[in-house]
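Under the working numbering, think of the first position of the sequence shown as 632, with each following residue one higher. Report on the following structure.
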Amino acid sequence: MKPRTLSSQSTTSPGTGFTRNPLSTTSRVLIIYTGGTIGMARSPNGYAPVPNYLESKLAGHTEFNDPEYLASMKIRDGEEETFRVVKPDGRVERKRVLCTPESAYGKRVMYSILEYDELLDSSSITRKEWNTIATSIAQNYRSFDAFLILHGTDSMAYTSSALSFMLENLGKTVILTGSQVPLSELRNDARDNLLASLVLCGHWMIPEVGLFFHHRLFRGNRVTKVSAVGFDAFQSEPNCAPLVRVGIDIEVNWDLILRQTTPAPFRVQSINDVQVLCLRLFPGISAMMVRSMVTSAPLAGMVIETFGAGNAPGDPELLRVFKDVVESGIVVVNCTQCQNGMVSPVYATGLALARVGVVAGSDMTTESALTKLSYLLSIAPKLPSSEVATLMSQSIRGELTNSPDGPQFHPPHQSAPISDFYRLMLAISQSNLPLIKSIVDSCTPEDQTLLLNTYDYNGLTPLHLASKLGHEEVVGYLLEKGVSVHARTGGDGHTALWLAEEGGWRGVVGLLVGIGAHLHVEEVPVDYQ
């Protein structure tokens, strides 16, 4: 079996681990429209959201809809093709399907729009809306390959951060985007942001929450809005490079893409009404002022934005206030006001904060720290404040950089995963688990992602092959290594679960279902769609 050796811009290439099925001709994306500039139109009172305007606008754009292709499709019962969509209130509706023209990769993206009844300005977004968006994804998770959330720019980084934590064990692509100028205007940034996001959702499997803006896909919990007027409005560099850059080619930084490491099904953890305060320190801030703020409400957590590498004014009274706050059970996290660098208690004033129990937030953004703290405190009945504090200093969704314990004098071990792929697929076919482990363990984590998610010329990944052959122990091992259960085979576009069910391998089926695998909607009888 030979692996595909396509270029990095292909729909499948060594190292692209989470790419879509290489030979499938369509994918299904749900657009969740929450509001924001992108779908607004002019009114006597300025730009304003107009119900159902976005869908009609996209339907008339040839880049976003190919009516001739839809007309050529087989129509059921003489009716227009529709997708089953669950609304936030639980009601099921059949939504109109739009379809992009065929891409350079030979694929079309079929999508429906779930437009919320109340379209909000993003400055009014609260935890309630975060929970609604997360619930919409959960309600429609089995029916779509990816999710695209249209959102206002003002608080988009907060929402993308919140969702990155709330969507636990995520195995599909979730992207947020918006625009500075509405799609209704002749000159706008909405078209490029929306079309590129739709293409990414429909072609690449990046199982993270991302934020796409101005040719770049950022990790959702690493990004900050940096401009109120420019099209280049969001940034995560230099602390975290973009996951994807879109130019003449689409370049995916697969070394950065997270993969599921805990075999468990997808679920949503709601964010409760926990009181978390953000306080930006400034020269001359008084201890009395801070004490007044922290005692005026029943706080559960607090993020302080400090100077430089995590430094605060050297006022002993101010330090005593922070000490009292921590001892009262409130989790306090220290984030830097700087865009480049991280909190590192190398100066006396920063070290003093650490000594009284203030958590060093590394290079977390304020948006990420606030939403992560809210997320952890929402499961606080299961987590004591001491454990919340510990988790705030650790990366759980790629939101911060874990510094190495010491200097790195040598480059990490490099392997040759493409040549290893021959041996790996042979070992899987023979159910030789010790050899499989030996091959995988010889690779770096990045190369393991490459190795375990590559397609061979039969359109099979290692998980597809093991599931098809019913090798239960091998499947269990591959799932522990974080392979995608949602990837589909080449040609017929089947999931690993379908292959296992077709072969009658009940043990394999149980393993796959246990971590959230489900049949693709096209594998389910029409009556159940």
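Ideal placement from N, C-alpha and C gives every residue a C-beta, glycine not left out.
- If you look at E724, you'll find it in the beta strand (DSSP E) that goes 723 to 727.
- A straight-line Cα-Cα distance of about 9 Å links L1083 and S1115.
- Less than 8 Å separates the beta-carbon of I806 from that of L848.
- If you draw a 10 Å sphere on the C-beta of S810, you find 16 or more other C-beta atoms in it, and that means buried.
- DSSP places L842 within a strand segment (E or B) once states are collapsed to three.
- Relative to the Cα of P947, the nearest Cα in the group E712, H1125, S1060, S917 belongs to S917.
- Rounded to the nearest angstrom, the Cβ distance from L794 to Y664 is 15 Å, too far for a contact under 8 Å.
- Every unbroken stretch of the alpha helix (DSSP H) spanning 4 or more residues and falling wholly within the region 963 to 1033 is given here in chain order: 979 to 986, 997 to 1009, 1016 to 1023.
- When C-alpha distances from T937 are compared across T763, C969, S927, the shortest belongs to C969.
- With the rule of 3 Cβ pairs closer than 8 Å, the region 889 to 907 counts as touching the region 1005 to 1013.
- The three-state secondary structure of A777, taken from DSSP, is strand.
- In this structure, L908 sits near V925, with a CB-CB distance shorter than 8 Å.
- Assignment of R922 by DSSP, reduced to helix, strand and coil, places it in the helix class.
- In this structure, the beta-carbon distance from I768 to E839 does not fall below 8 Å.
- When secondary structure is reduced to three states using DSSP, M1056 falls in the helix class.
- Rounded to the nearest angstrom, the gap between the Cα atoms of G992 and Q866 is 19 Å.
- For the options I1146, E1153, H1151, the alpha carbon positioned closest to that of E799 is the one of I1146.
- For E712, the closest of L701, H692, F778, L825 by C-alpha to C-alpha distance is L701.
- By the C-beta density criterion, A864 is buried, having at least 16 other C-beta atoms within 10 angstroms.
- In the three-state scheme derived from DSSP, where H, G and I count as helix and E and B as strand, P1076 is classed as helix.
- DSSP links R898 through a beta bridge to E799.
- Going by DSSP, E711 is part of no beta strand (DSSP E) at all; its letter is neither H nor E.
- By the Cβ-count criterion, V660 is buried, with 16 or more other Cβ atoms from all chains shown falling within 10 Å of its own Cβ.
- Our two residues, C1074 and R725, have alpha carbons roughly 46 Å apart in a direct line.
- When the alpha-carbon of S1016 is set against those of G1029, V964, V921, D994, the nearest one is in V964.
- Between L1066 and V1139, the alpha-carbon positions lie close to 20 Å from each other.
- In the DSSP assignment, G1138 falls outside any beta strand (DSSP E) and lies within the alpha helix (DSSP H) extending over 1137 to 1145.
- The beta-bridge partner set that DSSP reports for V740 consists of S658.
- T1126 counts as buried, since at least 16 other C-beta atoms from the protein chains shown sit within 10 angstroms of its C-beta.
- Looking at the DSSP output, E746 sits in a beta bridge with Y664.
- DSSP, reduced to helix, strand and coil, places P675 outside both helices and strands of the structure shown, so it counts as coil.
- Taking the Cα positions, R1028 is about 19 Å away from R758.
- Close CB contacts of N762 within its chain, under the 7 Å cut and outside five residues either way in sequence, are with S901, I902 (chain order).
- DSSP places G1134 in no beta strand (DSSP E) but in the uninterrupted alpha helix (DSSP H) bounded by 1127 to 1134.
- Excluding residues up to 5 positions away in sequence, V925, M933, V963 lie with their Cβ nearer than 7 Å to the Cβ of V956 in the same chain.
- By the neighbour-count definition (other C-beta atoms within 10 Å, threshold 16), G833 is a buried residue.
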